[in-house]
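Engineer: Protein chains in written order, with numbering that gives the first Met the number 0: chain A, 0 to 305; chain B, 0 to 288; chain C, 0 to 256.
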Amino acid sequence: MKFQKEKNNKSNIEEGIVKVILFIMALSSVISLGLITFFVFNEGLPFMINYGITDFIFGTTWNPTDQVYGIFPMIVGSVIVTVLAMLIGAPIGIAVAVYLVEIAPRRVAKIVKPAIQLLEGIPSVVIGLFGMVVIIDLLRRISRGPLSEYLPAGYQTGYSVLAGVLILAIMILPTIISISADSIRAVPQEYKEGSYAMGATKWQTIFRVVVPAAKSGILAAVILGVGRAIGETMAIIMVVGNSVQIPIPGWETLFAPVRTLTGNIALEMGYAGPEHRQALFATGIILFIFIIIINSLTLLLRRRRT
Amino acid sequence: MVEVKPNHLIKVKRNQVFAFTMLSLAAALTVLILLAIVIYVMSQGLSVISMEFLLDSPKSMGAEGGIYPAIVGTIYLVGLVILIAAPIGVGTAIYLNEYMPDGRFKSVLRFATELLAAIPSIVHGMFGFLFFVIALGDYTGGWSILSGALTGVVMILPIIIRASEEALRSVSNNLKEGSLALGTTRWYTIKKIVLPLAIPGITTSIILAIGRVIGETAAFLLTLGGSLLLATTVFDGARTLALHLYLVAMETGNTEMAFGTGAVLIVLILIINLAATGLFKLLVRRFSA
Amino acid sequence: MTNQKESNAIIEIEDLDFYYNQTKALKNVSLDINKNEVFAFIGPSGCGKTTLLRVLNRMNDLIPKTRVVGKVQIEGHDIYDPNVDVVQLRKSVGTVFQKPNPFPISIFDNVAYGPKAHGIKNKKELMEIVEESLRQAALWDEVKDRLNDSATGLSGGQQQRLCIARVMAVKPEIILMDEPTSALDPIATLKVEELINELKQNYTVVIVTHNMEQAARVSDKTALFLNGSIIETNETNQLFTNPKEQETEDYITGKFG
Numbered sequence: 000m001k002f003q004k005e006k007n008n009k010s011n012i013e014e015g016i017v018k019v020i021l022f023i024m025a026l027s028s029v030i031s032l033g034l035i036t037f038f039v040f041n042e043g044l045p046f047m048i049n050y051g052i053t054d055f056i057f058g059t060t061w062n063p064t065d066q067v068y069g070i071f072p073m074i075v076g077s078v079i080v081t082v083l084a085m086l087i088g089a090p091i092g093i094a095v096a097v098y099l100v101e102i103a104p105r106r107v108a109k110i111v112k113p114a115i116q117l118l119e120g121i122p123s124v125v126i127g128l129f130g131m132v133v134i135i136d137l138l139r140r141i142s143r144g145p146l147s148e149y150l151p152a153g154y155q156t157g158y159s160v161l162a163g164v165l166i167l168a169i170m171i172l173p174t175i176i177s178i179s180a181d182s183i184r185a186v187p188q189e190y191k192e193g194s195y196a197m198g199a200t201k202w203q204t205i206f207r208v209v210v211p212a213a214k215s216g217i218l219a220a221v222i223l224g225v226g227r228a229i230g231e232t233m234a235i236i237m238v239v240g241n242s243v244q245i246p247i248p249g250w251e252t253l254f255a256p257v258r259t260l261t262g263n264i265a266l267e268m269g270y271a272g273p274e275h276r277q278a279l280f281a282t283g284i285i286l287f288i289f290i291i292i293i294n295s296l297t298l299l300l301r302r303r304r305t
Numbered sequence: 000m001v002e003v004k005p006n007h008l009i010k011v012k013r014n015q016v017f018a019f020t021m022l023s024l025a026a027a028l029t030v031l032i033l034l035a036i037v038i039y040v041m042s043q044g045l046s047v048i049s050m051e052f053l054l055d056s057p058k059s060m061g062a063e064g065g066i067y068p069a070i071v072g073t074i075y076l077v078g079l080v081i082l083i084a085a086p087i088g089v090g091t092a093i094y095l096n097e098y099m100p101d102g103r104f105k106s107v108l109r110f111a112t113e114l115l116a117a118i119p120s121i122v123h124g125m126f127g128f129l130f131f132v133i134a135l136g137d138y139t140g141g142w143s144i145l146s147g148a149l150t151g152v153v154m155i156l157p158i159i160i161r162a163s164e165e166a167l168r169s170v171s172n173n174l175k176e177g178s179l180a181l182g183t184t185r186w187y188t189i190k191k192i193v194l195p196l197a198i199p200g201i202t203t204s205i206i207l208a209i210g211r212v213i214g215e216t217a218a219f220l221l222t223l224g225g226s227l228l229l230a231t232t233v234f235d236g237a238r239t240l241a242l243h244l245y246l247v248a249m250e251t252g253n254t255e256m257a258f259g260t261g262a263v264l265i266v267l268i269l270i271i272n273l274a275a276t277g278l279f280k281l282l283v284r285r286f287s288a
Numbered sequence: 000m001t002n003q004k005e006s007n008a009i010i011e012i013e014d015l016d017f018y019y020n021q022t023k024a025l026k027n028v029s030l031d032i033n034k035n036e037v038f039a040f041i042g043p044s045g046c047g048k049t050t051l052l053r054v055l056n057r058m059n060d061l062i063p064k065t066r067v068v069g070k071v072q073i074e075g076h077d078i079y080d081p082n083v084d085v086v087q088l089r090k091s092v093g094t095v096f097q098k099p100n101p102f103p104i105s106i107f108d109n110v111a112y113g114p115k116a117h118g119i120k121n122k123k124e125l126m127e128i129v130e131e132s133l134r135q136a137a138l139w140d141e142v143k144d145r146l147n148d149s150a151t152g153l154s155g156g157q158q159q160r161l162c163i164a165r166v167m168a169v170k171p172e173i174i175l176m177d178e179p180t181s182a183l184d185p186i187a188t189l190k191v192e193e194l195i196n197e198l199k200q201n202y203t204v205v206i207v208t209h210n211m212e213q214a215a216r217v218s219d220k221t222a223l224f225l226n227g228s229i230i231e232t233n234e235t236n237q238l239f240t241n242p243k244e245q246e247t248e249d250y251i252t253g254k255f256g
């Protein structure tokens, strides 16, 4: 028969082999994810259940030498730092994205864009080092100077929530800018023309048409920023002081030294004994769950859009 | 005609001027922050950098001496990670984009890749510690460049996969169909048409992945071992420049030496960013010329 | 072989239905196309003519969630038989696309692309094939001095003729053309049409067009498609001068489409 498959055709054999190899490669990410999930949960979950899930999550004391493992202060630390960093970083990031796509003259955009790319590439330890020296010094002067009579002594070192917030806000800027800019760029030209045709100014068009149309993409950018912030480790360790305590509520919180979930793992894994290590993996599970929730939110958001 | 009050017009105009000023300030602030970091780190670090700094071994935990072992460790690690991750990442992207039919399994693969990208690097580090350092310790040498590299591979795979997929998608369907319609196999079409056209995008993604490995610290903190000695094989422990910076700053408190390492890192990242854009343009021009 | 007509047909389509997802894009199509004739598919856009063309060398396999019901035979072989190698099929049934799609490589490499893929490595042999194909495509004189230049630098009309040469280099028996001149200016169109007239001496050509004058100029037979069905098939001059169906008359007199 004329078009029949030839069993020993060289290119068909090659095609078959290539396909199998590529398939195996494609499985690598699922396998990795499976292994990560398995190992982290396998190490941490039995401990968490033995210790008591509520005691572990809501316990306020972390003292591995006495086998007391409560991570609530770290959860509070991570959440405070992340939320405040988003409050600063998100509006600025979205503003820069709007500026880049809608307003910036080409020459200016040509400078700003690579600058953002570079900012994204700077290692977190370098930003942490900058924070450790410049920002901490500044905050220390403020807290030991004008604010000294209002703050407890432990809050006057400069290592604080505020330092972490500033550093994180800087670090999430590139993520928020690039993803928001993509979604703003994707707003159809006709929407804008429709608005201009009604006599709206450029700003009215941006504020009432472009940004609302790009809303879900911008929201996704913010959510991914949250993920990035909650997972950040090194720069945070270098500036937040890492002491396990729940800060005094009120404005003083800003100057409180805290420890985050990620920091807890990074600081103690090196010397942890078996049970202590399991507790750290259990901390990892909490972090993991945060990330899964955040990612499911973006997935949900994308479903709604399409 | 609707009468427009002149006052209203002035107000609208004033709003726009105010808004645009604020947006421009946000952009200016971002650039200023970058400049502040880069200039500060460079100004603090450059005075430390010398031939001895780059080529000597560290003394007293890195508070004195040079950073040679950290440079070597970084090169080893980056090389090994890319050597493993690039083929797997590009291969995965080819399979997803060119072979796999749309369907549930493909969505699962895509979701897994996304989740893998979202996992904090410290969690990658924990996994690498448990799996590569402890469980496979007999084969990886425990805390070693190999353990660190394998952890790094898992971490940057999603970056390479995503960027390569984007590069492959940008190849026009017209050309693919043109090739297939001549009676060529898919693999031949991929080799001769799709990959050459996607190479600029793929190369950029790999260079940016190199940048990511150089900048990463948390995952390597738990897997590389942080040894100050010069690594000779991939089974030796090591430290990268970023890890060295962290350990020096936190353990010795000698920020001057840390800034020296930071300055080297910033120069590296600058070179990588320039290389990524430069190479992209060069490769695009070469293939279309 | 039971009757004369079938023995002469190189393409035989019998009761063909084609689905995109749940949508039926071709309904109960039957058609015979003879060797060495130029056969035109005409009809308004979305009527199924391009779909049928892509069925003939299974390019529709590349679109997910499509389904073929019915029988398509080429030279007496069922091309949807599970044992058929689409790569072999496409060697015999070449395609020229709507938009010229030369590869962004040299003119020479474009034409040599197919032969190289099929294992011809000898430089001299390749050169002979390239020259012969370019001559057949009436492009040789225009490009013989710049075979190593990039094909993307050619004009639209030259690019399309290059794509035709590229198909001929594989030595197919059937050439499918999907509105091959829709992206070209009138002069380039004329050249391609002249070329089609030459081609039928050696090839069977199936051309999709929504330009009725073009169908009248180049084809021997024409089929009119409407909403996925064939309304009428006939000798081209018969179809245009003496349509049997009311819908054909409406279409060629411009009442719709």
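Where is the CB? At the ideal position from N, CA and C, for every residue including glycine.
In this text the structure is predicted, and so the values were computed from the model without any measurement.
Please confirm if Ile-288(A) has its CB atom under 8 angstroms from at least one CB of chain B.
Structural biologist: no
Engineer: For Phe-55(A), would you say it is in contact with chain B, using Cβ-to-Cβ distances shorter than 8 angstroms as the test?
Structural biologist: Not closer than 8 angstroms to any Cβ of chain B, the Cβ of Phe-55(A) fails to qualify, so no.
Engineer: Spatial neighbours of Lys-243(C) within its chain, please: CB distance less than 8 angstroms, with the 5 preceding and 5 following residues excluded, ordered by chain position.
Structural biologist: Glu-231, Asn-233
Engineer: Thinking Lys-191(B) and Ser-178(B) are a contact (beta carbons under 8 angstroms), I'd like their distance in whole angstroms, please.
Structural biologist: 7 angstroms
Engineer: Scan the segment 179 to 238 of chain A and note each continuous alpha helix (DSSP H) run of 4 residues or more that stays entirely inside, going in chain order.
Structural biologist: 188 to 196, 201 to 204, 214 to 230
Engineer: Count the C-beta pairs between the segment 94 to 113 of chain B and the segment 257 to 269 of chain A that are closer than 8 angstroms, then say yes if the count reaches three, no if not.
Structural biologist: Contact fails: fewer than three Cβ-Cβ distances are below 8 angstroms.
Engineer: Please list the residues of the segment 164 to 191 of chain C that have a C-beta atom closer than 9 angstroms to any C-beta atom in chain B, keeping them in chain order.
Structural biologist: Against chain B - using a Cβ distance shorter than 9 angstroms - the residues of the segment 164 to 191 of chain C are Arg-165, Val-166, Ala-168, Val-169, Pro-171, Leu-175.
Engineer: Enumerated in chain order, which unbroken segments of the alpha helix (DSSP H) with a length of 4 residues or greater are wholly contained in the segment 65 to 143 of chain C?
Structural biologist: Counting only runs of 4 or more, we get 85 to 91, 106 to 116, 122 to 135, 139 to 142.
Engineer: Let me make sure I understand the geometry here. Which of Met-24(A), Ile-284(A), Ile-293(A), Glu-251(A) has the alpha-carbon closest to that of Ile-141(A)?
Structural biologist: Glu-251(A)
Engineer: Which word fits Gly-157(A), buried or exposed, when buried means at least 16 other C-beta atoms lie within 10 angstroms of its C-beta?
Structural biologist: buried
Engineer: Note down, in chain order, each residue of its chain lying with its Cβ closer than 6 angstroms to the Cβ of Ala-84(A), except the 5 sequence neighbours on either side.
Structural biologist: Sequence-distant Cβ neighbours of Ala-84(A) in its own chain, meaning closer than 6 angstroms and more than five residues away, are Val-164, Leu-167, Ala-168, Ala-228.
Engineer: Please determine if the segment 285 to 296 of chain A and the segment 110 to 128 of chain B are in contact, where contact requires at least 3 C-beta pairs separated by less than 8 angstroms.
Structural biologist: yes
Engineer: If Ile-9(C) sits next to Ile-229(C), beta carbons under 8 angstroms apart, how far is it from one beta carbon to the other, in whole angstroms?
Structural biologist: That pair is no contact at about 18 angstroms.
Engineer: Around the C-beta of Asn-236(C), are 16 or more other C-beta atoms found within 10 angstroms, so that it is buried, or is it exposed?
Structural biologist: exposed
Engineer: By DSSP, does Trp-142(B) sit in helix, in strand, or in coil?
Structural biologist: In the structure shown, Trp-142(B) falls within a coil segment according to DSSP collapsed to helix, strand and coil.
Engineer: Identify the residues that DSSP records as bridge partners of Leu-25(C): which are they?
Structural biologist: Phe-17(C)
Engineer: From Ile-23(A), Leu-128(A), Pro-63(A), pick the residue whose C-alpha is nearest to that of Ile-236(A); which is it?
Structural biologist: For Ile-236(A), the nearest C-alpha among the options comes from Leu-128(A).
Engineer: On the DSSP letters alone, give me the boundaries of the beta strand (DSSP E) that Ser-228(C) sits inside.
Structural biologist: 228 to 234 is the extent of the beta strand (DSSP E) around Ser-228(C).
Engineer: Tell me whether Lys-4(C) is buried or exposed, calling it buried when 16 or more other Cβ atoms sit within 10 Å of its Cβ.
Structural biologist: Because Lys-4(C) carries a pLDDT of 46, less than 50, the predicted location of this residue cannot be relied on, and the following value inherits that uncertainty. Answer is exposed; the Cβ neighbour count stays below 16.
Engineer: Please tell me whether Asn-82(C) has its Cβ less than 8 angstroms away from any Cβ of chain A.
Structural biologist: yes
Engineer: Between Leu-244(B) and the rest of its own chain, which residues show a CB-CB distance below 6 angstroms, the 5 nearest in sequence each way excluded?
Structural biologist: Ala-257, Thr-260, Gly-261
Engineer: Cα separation between Leu-15(C) and Val-208(A)?
Structural biologist: 49 angstroms
Engineer: Compare the C-beta of Ala-180(B) against all C-beta atoms of chain C and say whether one is closer than 8 angstroms.
Structural biologist: yes
Engineer: Residues of chain C with CB closer than 7 angstroms to the CB of Gln-349(A), please, in chain order.
Structural biologist: Only positions 0 to 305 of chain A appear in the structure, and residue 349(A) is not among them; the question remains open.
Engineer: Under a three-way DSSP split, which group does Pro-256(A) fall into?
Structural biologist: coil
Engineer: Are the beta-carbon atoms belonging to Glu-36(C) and Lys-220(C) less than 8 angstroms from one another?
Structural biologist: yes
Engineer: I'd like to check one pair, Trp-139(C) with Glu-130(C): are the Cβ atoms closer than 8 angstroms?
Structural biologist: yes
Engineer: With DSSP run on the structure shown, which of helix, strand or coil describes Asp-235(B)?
Structural biologist: coil
Engineer: For the alpha helix (DSSP H) that contains Val-107(B), what are its first and last residues?
Structural biologist: Secondary structure note for Val-107(B): its alpha helix (DSSP H) is the uninterrupted segment 103 to 117.
Engineer: Measure from the alpha carbon of Lys-23(C) to the alpha carbon of each residue in Thr-203(C), Thr-247(C), Val-67(C), then state which is nearest.
Structural biologist: Val-67(C)
Engineer: Quick one: what does DSSP say Ile-176(A) is sitting in, helix, strand or coil?
Structural biologist: helix
Engineer: Is it right to say Arg-185(B) is buried, meaning 16 or more other beta carbons lie within 10 angstroms of its own, or is it exposed?
Structural biologist: Burial call: buried.
Engineer: Would you give the residue range spanned by the alpha helix (DSSP H) that Lys-112(A) belongs to?
Structural biologist: Lys-112(A): member of the alpha helix (DSSP H) spanning 105 to 120, first to last residue.
Engineer: Measure the beta-carbon distance from Asn-299(B) to Asn-82(C) and round it to whole angstroms, keeping in mind my assumption that it falls under 8 angstroms.
Structural biologist: Because residue 299(B) is not part of the residues shown, which for chain B are 0 to 288, the question remains open.
Engineer: Cutting at 8 angstroms between CB atoms, please list the residues of its own chain near Glu-13(C), excluding the five before and the five after it.
Structural biologist: Ser-29, Gly-69, Lys-70, Val-71, Gln-72
Engineer: What beta strand (DSSP E) runs, 3 residues minimum, are completely inside the segment 153 to 211 of chain C?
Structural biologist: 173 to 177, 203 to 207
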